[in-house]
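Okay, so here's the structure we're looking at.
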Amino acid sequence: MTALAAPVVDAGRIRRTYGTALWDSRPVSEESRAHMAGLLRGQMQLLLPEVEERVAAMPGTFNRSAGQHVIARAHDVLAVPVTRESSAEYVYDLATLTRVLLALHEHPKGGRKAR
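Quick note on numbering: the sequence shown equals residues 415 to 529 in the numbering used here.
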């Protein structure tokens with residue numbers, strides 16, 4: 415039996431997904447919004463475990479606190495089952511949260527780089 419490899423984060427794909435939700439102004443159908451919501455929720459679930467580890471190791475109380483707030487909000491959102499229509503506002507909120515999780519994934523130390 416072989417062990418399954420950890421899922422790979424495709425940052426480019428995540429950026430395209432949240433970018434479409436945040437900046438594409440074309441009207442979309444309920445079916446398209448539901449699909450987008452599903453993609454974003456899946457991407458959040460993919461990012462969360464690693465972001466949780468990275469936030470715990472962040473230097474600085476403010477950075478850690480902000481990261482913990484984002485993590486808590488993501489868990490709250492994911493705990494609610496999708497049983498209703500995905501409004502444009504809901505998809506926008508998911509996209510914003512996914513964008514922040516990706517930033518925490520890519521910049522685990524928070525803040526600026528040392529000179």
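Note that the Cβ used here is the ideal one computed from N, Cα and C, for glycine as well.
Can you tell me whether L454 is buried or exposed? The criterion is at least 16 other CB atoms within 10 Å of its CB, across all chains shown. buried
Just curious, the alpha helix (DSSP H) that P463 is in, first and last residue? 444–470
DSSP on H519, reduced to helix/strand/coil? helix
Sufficient close CB pairs (3 or more, under 8 Å) joining the segment 507–525 to the segment 479–492: yes
Would you be able to state if there are at least three C-beta pairs under 8 Å between the segment 496–510 and the segment 443–460? yes
Closer than 6 Å by C-beta to V484: which residues in its own chain qualify, once you throw out the five before and the five after it? Chain order, please. V514
Distance check for Q459 and T475, CA to CA, integer angstroms please. 25 Å
Taking V465 and H521 to be in contact with their CB atoms under 8 Å, please state how far apart those CB atoms are, rounded to whole angstroms. About 11 Å; that fails the 8 Å criterion.
What distance in whole Å lies between the Cβ atoms of R447 and S500, which are believed to be in contact at a cut-off of 8 Å? 4 Å
Tell me the residue span of the alpha helix (DSSP H) that contains V491. 475–493
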